[in-house]
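Asks: Residue 36 is where the sequence shown starts when you use the working numbering, and the numbers rise one by one after that. Quick one: structure below, then a few questions.
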Amino acid sequence: MSYAISPLDATLVDALQAKIDGKTKPPGALGRIELLALQIGRIQQTLSPALSQPQILVFAGDHGAARAGVSAYPQDVTWQMVENFLAGGAAINVFARQMRLGLRIVDAGVAHDFGPREGLINGKIAPGTANYIEQAAMTSAQCDKALRFGRELTHRIAERGGNAVGFGEMGIGNTASASLITHAITGVPLPQVVGRGTGLDDAGLDRKQALLGAALARGGRPADPLAVLAEYGGFEIAMMAGAMLGAAEKRMLLVIDGFIVTAALLVAQAIAPAITDYCVFAHRSEEAGHAAQLRHLNASPLLDLGLRLGEGTGAALAWPLLQAAVAMLNDMASFESAGVSGKA
């Protein structure tokens with residue numbers, strides 16, 4: 036499958052920069068806010084951008100390797116947390132309400148039958164992946180199906196008028212999957228990208244390192260990013276990568292959360308390098324390996340708050356900065372309109 040994602044062109048750069056520099060402030064005085072305004076204007080190809088119908092998508096899926104002990108929590112926590120999302124009680128629910136963001140939960144492959152539910156999108160590929168310590172996590176057909184579903188999902192959001200989407204995830208064991216994907220794509224040694232996830236103690240971390248080493252000895256380090264995804268990914272990671280690619284095809288703004296979300300982006304970027312032009316990196320996660328991902332993508336996150344929850348919480352917390360950038364570009368007076376003298 037190919038993706039029509041073009042790098043941002045330079046057509047409006049000079050005009051956007053002139054508009055930003057003409058505001059009643061010294062040039063560059065609003066720092067990253069100015070860079071955000073420039074990026075959003077270029078994505079939307081306008082001097083007066085708008086953030087329309089923004090929402091957070093939280094992709095959920097279970098991992099066969101979780102039963103082998105790569106997480107401190109039992110696998111049932113995945114479906115229990117999805118129920119918490121649907122009931123409105125999780126951190127992402129609180130932050131999304133505060134920021135007035137839409138929120139949808141996507142069942143990409145949870146080992147539980149939720150039935151039809153308000154706020155839940157059923158994209159279940161299977162009730163969890165296979166155990167990648169013993170075999171590939173998913174077949175190539177399952178991987179392709181997850182990518183296509185995610186792509187179609189963000190295409191539908193764009194067709195309904197949405198132009199900004201934040202990405203989140205839930206899946207017990209998915210930090211382990213993200214570590215393997217990060218190692219395979221970036222080449223950073225595995226021990227440097229394996230962290231404590233949901234709170235492993237030292238013995239648990241040693242066990243996680245050993246299990247992931249065994250998985251790597253079996254599956255190796257494929258050169259093809261889709262093969263990496265099939266070997267070690269989760270259905271939520273695969274579907275999220277497809278959703279990112281679909282969103283960039285529609286020139287949407289992508290707000291990237293932490294470690295697991297960035298692992299999905301590593302796959303998407305390996306498929307379509309220009310996708311990062313459409314990405315805003317919300318925060319620097321405390322999870323080991325996120326710094327390596329950011330270096331590989333040459334990315335500079337907006338926030339550094341010690342977060343490591345996932346769910347898209349960092350994306351939601353960064354949202355007011357994107358609103359500020361657009362408001363500055365559209366509403367702040369210029370030297371000329373305010374009658375203020377510019378720099379001599």
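Glycine included, C-beta positions come from ideal geometry on N, C-alpha and C. Remember, it's a predicted structure, so these values are computed and weren't measured experimentally.
1) The beta strand (DSSP E) with Leu155 in it runs from where to where?
2) Using the rule of at least 16 other Cβ atoms within 10 Å of the residue's Cβ for burial, across every protein chain shown, is Gly341 buried or exposed?
3) Roughly how many whole angstroms lie between the Cα atoms of Gly158 and Asp142?
4) Residue ranges of each alpha helix (DSSP H) run of no fewer than 4 residues wholly in the segment 156-233, ordered along the chain?
5) So what does Leu138 bridge to, in DSSP terms?
6) How about the segment 257-266 and the segment 171-190: do they share at least three Cβ pairs that are nearer than 8 Å?
7) Residue range of the beta strand (DSSP E) that Ile291 falls in?
8) Any idea what DSSP makes of Gly281, helix, strand or coil?
9) Rounding to the nearest angstrom, what Cα-Cα distance links Met274 and Arg102 in this structure?
10) Pick helix, strand or coil for Pro246, following the three-state DSSP scheme.
11) Can you look up Ala39 in the DSSP assignment and give me helix, strand or coil?
12) Hey, quick one: how far does the alpha helix (DSSP H) through Phe294 stretch, first residue to last?
13) Out of curiosity, what's the CA-to-CA distance linking Asp292 and Arg139?
14) Say yes only if the C-beta of Ser37 is nearer than 7 Å to one or more non-hydrogen atoms of the ligand FAD, and no if none qualify.
15) Note the first and the last residue of the continuous beta strand (DSSP E) segment covering Val315.
16) My assumption, with CB atoms under 8 Å, is that Pro89 sits in contact with Gly196. Please give the rounded CB distance.
17) At which residues does the alpha helix (DSSP H) containing Lys54 begin and terminate?
18) Would you kindly report the start and end of the unbroken alpha helix (DSSP H) that includes Pro355?
19) Tell me whether Ala101 sits in a helix, a strand or coil according to DSSP, three-state version.
20) Which same chain residues end up closer than 7 Å to Leu155 when comparing Cβ atoms and leaving out the 5 residues on each side of it in sequence?
21) Confirm, please, whether the CB-CB distance from Ala309 to Leu337 is below 8 Å.
22) With distances taken Cα to Cα, identify the nearest neighbour of Ile168 among Gly268, Asp56, Asn128, Ala125.
23) Does Ser106 pass the burial test, meaning 16 or more other C-beta atoms within 10 Å, or should it be called exposed?
Replies: Concretely, from the data shown:
1) As a working mapping, residue 155 is identified with position 120 in the sequence shown. Residues 155-157.
2) What you label residue 341 is simply residue 306 of the sequence shown in a count that begins at 1. By the 10 Å Cβ count, Gly341 comes out exposed.
3) In the sequence shown, counting from the first residue as 1, residue 158 sits at position 123. In the sequence shown, counting from the first residue as 1, residue 142 sits at position 107. Roughly 5 Å between the two C-alpha positions.
4) List check, alpha helix (DSSP H) in window: 175-194, 209-221.
5) Taking the sequence shown and counting its residues from 1, the one referred to as residue 138 is at position 103. DSSP output for Leu138 lists Ile91 as bridge partner(s).
6) yes
7) Translated into the one-based positions of the sequence shown, residue 291 becomes position 256. Residues 288-291.
8) To locate residue 281, count along the sequence shown from 1; it is residue 246. If DSSP states are grouped into helix, strand and coil, Gly281 belongs with the helices.
9) As a first step, residue 274 must be located in the sequence shown, where it is residue number 239. As a first step, residue 102 must be located in the sequence shown, where it is residue number 67. Their Cα atoms are separated by approximately 22 Å.
10) Here residue 246 corresponds to residue number 211 of the sequence shown, with the count starting at 1. Correcting the residue identity first, residue 246 is Leu in this sequence and not Pro. Of the three classes helix, strand and coil, the one that applies to Leu246 here is helix, per DSSP.
11) Indexing the sequence shown from 1 puts residue 39 at position 4. Residue state, collapsed to three classes: coil.
12) Taking the sequence shown and counting its residues from 1, the one referred to as residue 294 is at position 259. Phe294 -> alpha helix (DSSP H) spans 294-306.
13) The sequence position of residue 292 within the sequence shown is 257, counting from 1. The sequence position of residue 139 within the sequence shown is 104, counting from 1. If you take the alpha carbons of Asp292 and Arg139, they lie about 15 Å apart.
14) Among the components of this structure there are no ligands whatsoever, and the ligand FAD is therefore not found.
15) Mapped onto the sequence shown, residue 315 falls at position 280. Element bounds for Val315: 314-316.
16) For the purposes of this step, residue 89 is identified with residue 54 of the sequence shown, where counting begins at 1. For the purposes of this step, residue 196 is identified with residue 161 of the sequence shown, where counting begins at 1. Contact between Pro89 and Gly196 does not hold, since their C-beta atoms are separated by about 11 Å, which reaches or exceeds 8 Å.
17) Here residue 54 corresponds to residue number 19 of the sequence shown, with the count starting at 1. For Lys54, the uninterrupted alpha helix (DSSP H) segment begins and ends at 48-56.
18) Residue 355 sits at position 320 when you count from the first residue of the sequence shown. Segment 348-366, the alpha helix (DSSP H) holding Pro355.
19) By one-based count along the sequence shown, residue 101 stands at place 66. Of the three classes helix, strand and coil, the one that applies to Ala101 here is helix, per DSSP.
20) To locate residue 155, count along the sequence shown from 1; it is residue 120. Hits under 7 Å: Leu121, Ile140, Asp142, Phe149.
21) Taking the first residue of the sequence shown as 1, we reach residue 337 at position 302. Taking the first residue of the sequence shown as 1, we reach residue 309 at position 274. No. Outside cutoff.
22) Reading the sequence shown from its first residue, position 133 is the one you call residue 168. For Ile168, the nearest C-alpha among the options comes from Gly268.
23) Translated into the one-based positions of the sequence shown, residue 106 becomes position 71. Buried, because 16 or more other Cβ atoms sit within 10 Å of the Cβ of Ser106.
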